[in-house]
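Engineer: Just so we're aligned: the first sequence equals residues 14 to 491 in this note's numbering.
Structure provided below as structure tokens; questions to follow.
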Amino acid sequence: MIVTRFAPSPTGYIHIGNVRSAIYPYLLAHGSHGKMILRIEDTDRARYVEGATELIEDTLKWLGLDWDEGPIVGGPSAPYFQSERQAIYHEWARRLIVEGRAYADPTPPEQIEEYRRQCNEQHIPFRYRDYRPENPPEWQPGLPLRLLTIPKEYSWHDEVMGDMHTGPEVLDDIILIKKDGFPTYNFAHIVDDAAMGVTHVMRGVEYLSSTPNYLALYEAFGLERPKLISLPHILAPQGNKKLGKRDGAKSVTEYRDDGVLPEAMLNYLACLGWNDGTEQEIYTKDELIHSFSVDRIQSSGARYDETKLYWYNGQWIRRIFTEQGVDALYERTTGFWPEVAENYDEEYRKKVLSIIYDRLKTLSDLRSMTEFFFMDPTINLDVIVKNKFLKKLSESEIENLLKITIQKLSSIEDWNSTRLQDVLNDLLTETGKKPAELFGLIRISVSFAPFSPALHLTLDVLGKERTLARLNAVARSI
RNA sequence: GGCCUCAUAGUAUAAUGGUUAGUACAACGGGUUUUCAUCCCGUCAAUCCGAGUUCAAUUCUCGGUGAGGUCACCA
Numbered sequence: 014m015i016v017t018r019f020a021p022s023p024t025g026y027i028h029i030g031n032v033r034s035a036i037y038p039y040l041l042a043h044g045s046h047g048k049m050i051l052r053i054e055d056t057d058r059a060r061y062v063e064g065a066t067e068l069i070e071d072t073l074k075w076l077g078l079d080w081d082e083g084p085i086v087g088g089p090s091a092p093y094f095q096s097e098r099q100a101i102y103h104e105w106a107r108r109l110i111v112e113g114r115a116y117a118d119p120t121p122p123e124q125i126e127e128y129r130r131q132c133n134e135q136h137i138p139f140r141y142r143d144y145r146p147e148n149p150p151e152w153q154p155g156l157p158l159r160l161l162t163i164p165k166e167y168s169w170h171d172e173v174m175g176d177m178h179t180g181p182e183v184l185d186d187i188i189l190i191k192k193d194g195f196p197t198y199n200f201a202h203i204v205d206d207a208a209m210g211v212t213h214v215m216r217g218v219e220y221l222s223s224t225p226n227y228l229a230l231y232e233a234f235g236l237e238r239p240k241l242i243s244l245p246h247i248l249a250p251q252g253n254k255k256l257g258k259r260d261g262a263k264s265v266t267e268y269r270d271d272g273v274l275p276e277a278m279l280n281y282l283a284c285l286g287w288n289d290g291t292e293q294e295i296y297t298k299d300e301l302i303h304s305f306s307v308d309r310i311q312s313s314g315a316r317y318d319e320t321k322l323y324w325y326n327g328q329w330i331r332r333i334f335t336e337q338g339v340d341a342l343y344e345r346t347t348g349f350w351p352e353v354a355e356n357y358d359e360e361y362r363k364k365v366l367s368i369i370y371d372r373l374k375t376l377s378d379l380r381s382m383t384e385f386f387f388m389d390p391t392i393n394l395d396v397i398v399k400n401k402f403l404k405k406l407s408e409s410e411i412e413n414l415l416k417i418t419i420q421k422l423s424s425i426e427d428w429n430s431t432r433l434q435d436v437l438n439d440l441l442t443e444t445g446k447k448p449a450e451l452f453g454l455i456r457i458s459v460s461f462a463p464f465s466p467a468l469h470l471t472l473d474v475l476g477k478e479r480t481l482a483r484l485n486a487v488a489r490s491i
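Given below as structure tokens:
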């Protein structure tokens with residue numbers, strides 16, 4: 014069975030640049046009835062951020078990436094916080110000590126720093142193993158524990174990068190346990206992956222260089238190597254650096270709050286640096302699970318493109334509306350309406366949604382795009398005078414057009430969109446105006462918005478009374 | 001600097017030892033009785049450079065160049 018894991022350290026929010034290392038393990042595991050483990054790597058007390066774990070859990074849940082083992086849900090390999098697994102690491106460390114494969118490092122950090130400086134000066138690579146103490150002391154609290162490495166060549170296969178080979182020079186006596194008693198990532202993840210039965214290790218390419226040291230550790234423990242899968246970086250929109258918080262990489266939840274749908278986020282991110290060889294663009298989570306395969310992950314970095322994310326979001330908004338109906342989309346819009354919308358009931362808001370939805374890039378567009386459905390707009394004649402279609406009309410023409418329109422609309426008994434469409438068309442022939450002029454004038458008079466849904470639909474939702482009131486108000490102020 | 005990785009339009013990608021090098025986003029233009037969108041149609045636009053192997057190379061090999069990663073008691 015395939016067992017994958019997502020193992021973030023709780024140092025802050027999950028951003029666009031690193032969420033893919035949660036998505037791919039999820040897809041891989043679920044494509045084969047395997048499971049994904051969530052493990053919190055909180056061994057660095059200095060970088061620990063209060064609340065970060067909850068933020069991570071939140072993000073995963075929102076994206077629909079539920080974990081089969083981990084915090085909250087538990088599992089046979091609990092605990093899933095590394096800070097609570099001290100005893101396990103120490104036990105595994107002792108095994109290495111007994112076998113003579115690990116030793117306490119008595120060298121003061123300043124001394125090591127000095128060695129390093131000297132090497133840099135002479136342009137030769139620094140390796141701790143070249144300064145390995147001959148008679149290391151007994152390991153005791155306060156001393157770091159190092160691996161006694163055996164320098165040699167390593168070959169391995171990375172599922173994304175292909176066949177890899179390195180010489181002995183990349184191996185060193187890496188620190189296993191820090192002087193504060195906590196394990197390093199290098200050591201803890203090996204122990205945990207083995208103890209938790211992880212079969213596929215997916216992580217960023219930045220770990221590729223240290224892989225030989227991990228291989229040495231698997232070997233020292235007599236462990237079978239898991240499948241190693243390096244995920245290329247997501248690049249910032251500008252420059253060639255990987256996308257990180259310093260480039261203003263937004264958190265995933267920030268996009269949620271801006272009205273991006275989790276389906277769109279998942280869809281975009283999954284397809285950034287991966288494809289199934291077909292020309293399909295829109296994937297549901299289930300489709301992704303079925304189509305995903307590790308060997309089609311791109312080996313080069315991919316640039317993050319927010320515009321495309323928003324395109325996906327627009328696609329998904331429309332897809333949910335047309336396939337699941339207005340109610341389904343409406344459920345997603347909670348919190349995205351303008352404040353004044355509170356004065357209206359659900360039915361009305363759904364009507365508004367069903368005529369505006371195809372204009373939304375994000376759900377938060379509702380805030381600015383629908384306000385005039387819920388409150389009378391402020392009349393600003395400038396908008397009419399300066400409109401590129403209406404500026405040709407004289408003041409009296411405008412006055413006259415409004416008058417005829419009001420007259421005609423007043424006479425409508427059965428106020429509905431089809432009837433409105435007919436009446437508006439009649440009006441067009443009667444006045445001999447272009448649609449851009451007549452309809453534009455009416456549209457602006459009732460909305461004073463930069464854009465709005467089709468006129469007959471807008472007027473239908475607004476209702477007869479309000480439509481006429483707004484037209485009259487404009488007519489009066491000319 | 002050592003070691004490692006990567007390289008198709010602006011972006012994300014497809015494909016093949018022989019194709020008019022395909023698709024999507026973006027940009028630009030057009031169509032759908034108003035606007036803004038949606039939807040549809042179209043235009044622009046790419047195999048990093050140099051050798052080698054081959055009848056044929058974007059594809060295979062080597063060498064450059066460029067970009068990135070890594071060399072922590074961080075993960």
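Every residue gets a Cβ at the ideal spot worked out from N, C-alpha and C, and that includes glycine.
What are the boundary residues of the beta strand (DSSP E) that includes L156?
Structural biologist: Segment: none, L156 is in no beta strand (DSSP E) and carries neither H nor E.
Engineer: For P225, which residues of its own chain have a beta-carbon under 7 Å away from its beta-carbon, when the five flanking residues on both sides are left out?
Structural biologist: Y167, T179, V183 and L184
Engineer: Can you tell me which of the three DSSP states K74 falls into?
Structural biologist: helix
Engineer: Rounded to whole angstroms, what's the CA-CA distance from Y296 to F94? Just pull it up for me.
Structural biologist: 33 Å
Engineer: In or out: S381 buried (at least 16 other Cβ within 10 Å) or exposed?
Structural biologist: exposed
Engineer: For M11, which residues in the same chain have their Cβ closer than 6 Å to its Cβ, ignoring the five residues on either side in sequence?
Structural biologist: Because the chain is modelled from 14 through 491, residue 11 falls outside the range shown and cannot be assessed.
Engineer: Can you list, in chain order, the stretches of the alpha helix (DSSP H) that have 4 or more residues and sit fully within the region 96-150?
Structural biologist: The region 96-150 contains these whole alpha helix (DSSP H) runs: 99-111 and 122-134.
Engineer: For E172, name the three-state secondary structure that DSSP assigns.
Structural biologist: coil
Engineer: Please classify F464 as buried or exposed, where buried requires at least 16 neighbouring CB atoms within 10 angstroms.
Structural biologist: exposed
Engineer: For the region 307-320 against the region 278-297, do three or more pairs of beta-carbon atoms, one drawn from each stretch, fall closer than 8 Å, so that the two count as touching?
Structural biologist: Yes: at least three Cβ pairs fall under 8 Å.
Engineer: I'd like the span of the beta strand (DSSP E) that includes R527, first residue to last.
Structural biologist: Examination of residue 527 is not possible in this model, given that the chain is present from 14 through 491 alone.
Engineer: Who are the Cβ neighbours of E276 in its own chain at under 6 Å, not counting the five residues just before and after it?
Structural biologist: Taking C-beta separations shorter than 6 Å and ignoring five residues to either side along the sequence, the partners of E276 in its chain run W329, following chain order.
Engineer: Suppose the cutoff is 7 Å on Cβ atoms and the five residues either side in sequence are ignored; what does the same chain contact list for S96 look like?
Structural biologist: D55 and T56
Engineer: Find the nearest neighbour of E147 within the set R362, P138, Y323 and A117, judged by alpha-carbon distance.
Structural biologist: A117
Engineer: Just list the residues that DSSP pairs R216 with in beta bridges.
Structural biologist: S243
Engineer: Please report the distance separating the alpha-carbon of L76 from that of M278.
Structural biologist: If you draw a straight line from the Cα of L76 to the Cα of M278, it is about 8 Å long.
Engineer: Using the three-state DSSP reduction, which class does K416 fall into: helix, strand or coil?
Structural biologist: helix
Engineer: Between E410 and S377, what straight-line distance do the alpha-carbon atoms span, to the nearest angstrom?
Structural biologist: 38 Å
Engineer: With 16 as the cutoff for other CB atoms within 10 Å, does E450 come out buried or exposed?
Structural biologist: buried
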